[in-house]
Amino acid sequence: MAPLRRPTADGRSSRWSKHREARRAELIRTARKAVHRIGPGASMEDIASAADTSKSVFYRYFGDKAGLQRAMGEVVVGRMQEQLIEAARKASTPRDGLRAMVSAYLQMASSSPSVYVFVTQPTPDSASTLDASPTLSSFFDAISVMLASPMEEYLAQEPRAAAIPQPLALWPRAAIGMVRAAGEQWLSTPPGPARPTEPDLADSITAWLFDGIAAAVPSAPLAHTSRRNPRSKDES
């Protein structure tokens, strides 16, 4: 009979690492539920209480509240990116692909506005929401690339596209700014006539991005005024 082998140090380390990963994931899930229920201003004490543990446990795993925010952001952003990729994959036209991604973004954000605000708000060491998290920056970089794809397909079918100088150089990043700004304003708007439904907002944003704002404005009966001011009869 072969002698029993003692667990190696590497084996014990691997089991401990898996235990820590599982515990960390559990703490993130609990924190997400607490923020969803309490709001984006939930303190570490609130979150620890919801997890039925002490703040020191969260500090041990995440360092501080900013660390927890980044960890939650990785999970939320990862799921959101998966939803956007799936939505774009199912679309049959470039325009449908863009609308599907806008709609998926709005749906994910509105499923828990408190969690969305919690993971996108600036950390104490960040200057603004634009650099609130490296995870968010990577997410929006990836989405910019994804948004470029339907626009490339659209422009490939558009004969006038050749006249547009470098059409994709800035458009995806500008599109991200519009979708995010409009979506966050929508999330903060109380229910009522001023707040459109998610499908209506997705339609509007898609139209703004594809057709421009002029397409949404009824044509005026008056001719466009010239940029030059015509001289009056008295001046002639």
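The numbering of the sequence shown is our numbering, which starts it at 46 and goes up by one.
Heads up, the beta-carbon is just placed ideally off N, CA and C, and yes, glycines get one too.
Using the three-state DSSP reduction, which class does residue i fall into: helix, strand or coil?
i: L267; result: Note that L267 has pLDDT 44, beneath the 50 cutoff, so the model's placement of it is unreliable and the number below is only indicative. Note: L267 maps to coil in three-state DSSP.
i: S233; result: helix
i: T242; result: coil
i: Q126; result: helix
i: S157; result: coil
i: L215; result: coil
i: D256; result: helix
i: P85; result: coil
i: P167; result: coil
i: D109; result: coil
i: A136; result: coil
i: A96; result: coil
i: S59; result: helix
i: T174; result: In this prediction, T174 scores a pLDDT of 49, lower than 50, which makes its location untrustworthy; no coordinate-derived value is stated.
With distance defined between alpha-carbon atoms, name the residue in the options nearest to residue i.
i: A227; options: P241, L215, W216, G237; result: P241
i: L72; options: A95, D256, K63; result: A95
i: L151; options: W216, D245, Q114; result: D245
i: W231; options: S156, S183, A187; result: S156
i: G123; options: E198, A187, P238, S58; result: A187
i: A133; options: V121, A149, V120; result: A149
Residues in its own chain within less than 7 angstroms of residue i by CB, not counting five upstream and five downstream?
i: A136; result: G142, A145
i: I250; result: V147, M223, V224, A227
i: P85; result: S159, V162, F163, Q166
i: F185; result: I221
i: V120; result: I73
Can the beta-carbon of residue i be found less than 9 angstroms from the beta-carbon of residue j?
i: A116; j: R69; result: yes
i: L254; j: A220; result: yes
i: Y106; j: R65; result: yes
i: G118; j: T165; result: yes
i: M26; j: P139; result: Residue 26 falls outside the range modelled here, since the chain spans only 46 to 281, and no answer is possible.
i: M89; j: K78; result: no
i: A154; j: M125; result: yes
Might you give, ordered along the chain, the residues of its own chain that have their beta carbon closer than 8 angstroms to the beta carbon of residue i, omitting 5 neighbours on each side?
i: K278; result: Unreliable placement is indicated for K278, whose pLDDT of 48 sits below 50; no coordinate value is reported for it.
i: D37; result: Coverage of the chain is limited to positions 46 through 281, which leaves residue 37 absent and any answer about it impossible.
i: T234; result: R240
Who are the near neighbours of residue i in its chain, counting only those whose CB is closer than 6 angstroms to its CB and skipping five residues on each side?
i: S183; result: none
i: E243; result: L151
i: G108; result: none
Taking Cβ positions only, does residue i come closer than 9 angstroms to chain C?
i: E66; result: Within the model displayed, chain C is absent; a lone protein chain is all it includes.
**OP:** Decide if the region 122 to 134 is in contact with the region 181 to 193; the criterion is three or more beta carbon pairs, one per stretch, under 8 angstroms apart.
**Re:** yes
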